[in-house]
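No gaps in the numbering here: position 324 of the sequence shown is 324 in the working numbering, and each next residue is one more.
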Amino acid sequence: MTILLLLVIYLAFISLGLPDSILGVAIPVIQREWGIELSTAGLISMVSISGGIIYSFLSGYITEKIGTSRITFISILMTSLALFGFFAAPSFVWLLFLAVPLGVGGGAVDASLNHYVALHFRAHHMNWLHSFWGIGATLGPLIMSYALEQTGSWQPGARTLAFLQLFMAAVILVSFPLWKKHQVLINPQGAPQPGTTQKKGCPGVFELPGVVCALMTMLLYCGVEVGLGLWGSSYLVHTRNFSIEGAASWIAMYYGGITAGRFLSGIISFRLSNVRMIRMGIITALAGILILLLPLPDALIGVALVMVGLGLSPVFPAMIHEVPARFGREASRKVIGFQMGFAYVGSAYLPPLLGFILQYTGLVLLPFILLGFLVVMFAASERLNSLVGRRTSDIDQGLSLQ
């Protein structure tokens, strides 16, 4: 029963990833069909992810009142209806309105299921949970690319994704008895679960050494991941002379690199620490971006995108999982909440900012800006390791003096 529920949760995370990566593929076509500027198209992503930010601040209260299973069902149904709206939208303004329920629905699934898995399943399940998001993020561009090839328009692709989301909502609805049985299994007496309450006297988040570096790492990580996913297709089309369909396929492979990397991270996490995986991942992503700067054949440029995806793959899950070790169990819930919030901010605002800059400077600067993000991210991550190591050393020294 527990395994079956875990499979349902993984499927829900596939549905979370499906809409996340389609905008970058669709934007060149939306620009052409409706005659809008690059930065204007980026507003869709900003509005959508802003919806996720709004929900993240309310997630604890809403989930407590409604429950994880119901929240997941309602949220996936909401994204389905939003995508049906995308299919029927007569103008760009409608896309902006529909981006709100799309973002709120995605943010609700993300927050509620991450919290549920963190409380009730093991660490490697968290890595694999995020890899199933990558499956959805890989399938989304492939579906959109196929729709473009068959119809020349992006809207039939949105309709296909809407039907897939509707099917996933039905799966969640049918699985309600599994959630109830799992709650009885983990909590037969109805007592509060460990980690569901916060001890009084826990220090404020910003009082913790290194927390600012952790938040900066998450902010820039999402700026790179979403920024490359959103503008990578346009970069390949306008700077490297890829076809729209070819660029869409390579962006799908980029998300495929993230997916494959997270499956591997779940296995590697049995042997390597989170800190080492984060360090190795950022270095690999840096190498991939550097390759993008070189005048190489199309195939090697595509391989560089996959390399960036592989490098980014372990960073997000490892940053979340390492929080209790870095900042203590009592503060971990607050710190994870702030990290998720900064991740959403990075996803919502850095990519549109990139679009605004690239509109005036040219898409050729995209890899240079992403390289700068990664360098600062690496510095913040290493500074965090230094501060946390110093804190641990101080605690150990204090214990030895007692």
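Where is the CB? At the ideal position from N, CA and C, for every residue including glycine.
So, at 8 angstroms on beta carbons, what are the nonlocal neighbours of residue i in its own chain, with the 5 sequence-adjacent residues on each side left out?
{"i": "G256", "result": "G134, T138, V306 and G309"}
{"i": "L185", "result": "M1 and T2"}
{"i": "A191", "result": "The predicted position of A191 is uncertain, since its pLDDT is 46 and thus under 50; a value taken from the coordinates is nonetheless stated next. Here the set comprises nothing."}
{"i": "L215", "result": "F338, Q339 and F342"}
{"i": "L371", "result": "L286, I289, L290 and L293"}
{"i": "I283", "result": "G311 and F378"}
Residues in its own chain within less than 6 angstroms of residue i by CB, not counting five upstream and five downstream?
{"i": "G223", "result": "G346, L350 and F373"}
{"i": "Y116", "result": "T68"}
{"i": "E318", "result": "Rather than Glu, the amino acid found at residue 318 in this sequence is Ala. N274, M277 and I278, listed in sequence order."}
{"i": "V323", "result": "S332, V335 and I336"}
{"i": "E382", "result": "none"}
{"i": "L166", "result": "S80"}
{"i": "A147", "result": "P156 and G157"}
{"i": "T217", "result": "M377, A380 and S381"}
Can you give the beta carbon distance from residue i to residue j, rounded, assuming they're within the 8 angstroms contact cut?
{"i": "L230", "j": "L23", "result": "6 angstroms"}
{"i": "A304", "j": "G288", "result": "5 angstroms"}
{"i": "S69", "j": "W179", "result": "4 angstroms"}
{"i": "P367", "j": "L293", "result": "5 angstroms"}
{"i": "R262", "j": "S332", "result": "With 8 angstroms as the limit, R262 and S332 do not qualify as a contact, their Cβ atoms being about 21 angstroms apart."}
{"i": "A380", "j": "C213", "result": "4 angstroms"}
{"i": "G136", "j": "G17", "result": "3 angstroms"}
{"i": "V25", "j": "S233", "result": "5 angstroms"}
{"i": "F87", "j": "Q155", "result": "5 angstroms"}
Within a Cβ cutoff of 7 angstroms, which residues of the same chain sit near residue i, ignoring the five residues on either side of it in sequence?
{"i": "S249", "result": "S145"}
{"i": "S48", "result": "A99, L102 and G103"}
{"i": "I71", "result": "I62, T63, A108 and S112"}
{"i": "P19", "result": "T79, L83, L102, G106, G140 and L161"}
{"i": "A348", "result": "M46, I49, S50 and I53"}
{"i": "V301", "result": "According to the sequence provided, residue 301 is Ile. The question's Val does not apply to it. Correct list, in chain order: R240 and L292."}
{"i": "M168", "result": "L11, A12, S15 and I76"}
{"i": "I143", "result": "G157, T160 and L161"}
{"i": "G35", "result": "none"}
{"i": "L403", "result": "Shown here, the chain extends from 1 to 402; a query on residue 403 therefore has no answer."}
{"i": "F73", "result": "A169, I172 and L173"}
{"i": "Y235", "result": "L363 and L366"}
{"i": "A299", "result": "none"}
Between which two residues does the alpha helix (DSSP H) holding residue i run?
{"i": "G152", "result": "Note, G152: premise wrong, no alpha helix (DSSP H); not H, not E."}
{"i": "I76", "result": "T68 to A88"}
{"i": "I22", "result": "I22 to W34"}
{"i": "P324", "result": "V323 to F327"}
{"i": "E225", "result": "V211 to H238"}
{"i": "V480", "result": "This structure leaves residue 480 out entirely; the chain is present only between 1 and 402."}
{"i": "L272", "result": "No alpha helix (DSSP H) contains L272, which DSSP labels as neither H nor E."}
Going by the CB atoms, is the gap between residue j and residue i shorter than 8 angstroms?
{"i": "L96", "j": "L43", "result": "yes"}
{"i": "H124", "j": "G266", "result": "yes"}
{"i": "N274", "j": "H321", "result": "yes"}
{"i": "G246", "j": "A285", "result": "no"}
{"i": "V205", "j": "F342", "result": "no"}
{"i": "I258", "j": "A12", "result": "no"}
{"i": "M377", "j": "L208", "result": "no"}
{"i": "V211", "j": "V8", "result": "no"}
{"i": "S269", "j": "N114", "result": "no"}
{"i": "I251", "j": "V29", "result": "no"}
{"i": "M1", "j": "H182", "result": "yes"}
{"i": "L228", "j": "Y254", "result": "yes"}
{"i": "F327", "j": "H130", "result": "no"}
{"i": "I422", "j": "L354", "result": "No statement about residue 422 is possible, as the shown extent of the chain runs from 1 to 402 and does not include it."}
Meets three-Cβ-pair contact criterion under 8 angstroms: the stretch 156 to 173 and the stretch 76 to 94:
yes
Pair every Cβ in the stretch 360 to 371 with every Cβ in the stretch 235 to 244, then say whether three or more of these pairs are closer than 8 angstroms.
yes
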